[in-house]
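Numbering-wise (our numbering), the sequence shown opens with residue 374 and increments by one.
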Amino acid sequence: MIDLNGVTNNVPGCLPCPFCGGTEIHIQIFSEGVDHAIACSACFMGRSSGNFYSDAEAVVAWNTRAESSENAKLRGERDAAREERDQFDQWNRETNAKLRSAEKCLEAAGSLLSERMMQERACCFVVYQIWLDAKAAYDTATTPTKADKNG
Ligand SMILES: [Zn+2]
Numbered sequence: 374m375i376d377l378n379g380v381t382n383n384v385p386g387c388l389p390c391p392f393c394g395g396t397e398i399h400i401q402i403f404s405e406g407v408d409h410a411i412a413c414s415a416c417f418m419g420r421s422s423g424n425f426y427s428d429a430e431a432v433v434a435w436n437t438r439a440e441s442s443e444n445a446k447l448r449g450e451r452d453a454a455r456e457e458r459d460q461f462d463q464w465n466r467e468t469n470a471k472l473r474s475a476e477k478c479l480e481a482a483g484s485l486l487s488e489r490m491m492q493e494r495a496c497c498f499v500v501y502q503i504w505l506d507a508k509a510a511y512d513t514a515t516t517p518t519k520a521d522k523n524g
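Structure representation (structure tokens):
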């Protein structure tokens, strides 16, 4: 029968969990004086050899549990993978910041370019209009009139 009031969290003096590396270890008292179970609060792996007469006895038993070499190897691999993930994450964030900065530059250059092209196009129209007006004036001035023909 589980008595939730008999749970002590973060039991002091416990080594990290040999399974997951967790540091929050709890003791649950199922029956005072006979049944003190100790387990990791993260993965719930407990001391497999059974329960204990006191918290102190449970802690001693917990701390003498040897970590298997396979667990140590797997934990090393997990930590290395985590480190690699963190480095990639950092690189990714820095690269994204550079990308956003480059996109802003591109956008600014693009709008400046299209503004200049519009100005140049407007300028061409003005020049063309001036040329049309000048041509019309020249044509008018050089077209022989009736008076010229008759004279
Ligand atoms: Zn654990």
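Here a beta-carbon is modelled for each residue, glycine too, at the ideal position from N, C-alpha and C.
TODO: Kindly indicate which three-state DSSP category C416 falls into: helix, strand or coil?
DONE: coil
Task: Whole-angstrom distance between C478 and A495, CA atom to CA atom - done: 26 Å
Open item on the list: Given 8 Å as the limit, tell me if A431 has its C-beta closer than that to any heavy atom belonging to ligand 1.
Closed with: no
Open item on the list: Our contact map puts A412 next to G419 with C-beta atoms below 8 Å; I'd like the distance itself, whole angstroms only.
Closed with: 4 Å
Open item on the list: According to DSSP, simplified to helix, strand and coil, what is S404?
Closed with: strand
Open item on the list: Please tell me whether, using a cut-off of 8 Å, the distance from the CB of A415 to the nearest non-hydrogen atom of ligand 1 is below it.
Closed with: yes
Open item on the list: Which residues does DSSP list as the beta-bridge partners of I398?
Closed with: C413
TODO: Tell me whether the beta-carbon of H399 lies closer than 9 Å to the beta-carbon of N382.
DONE: yes
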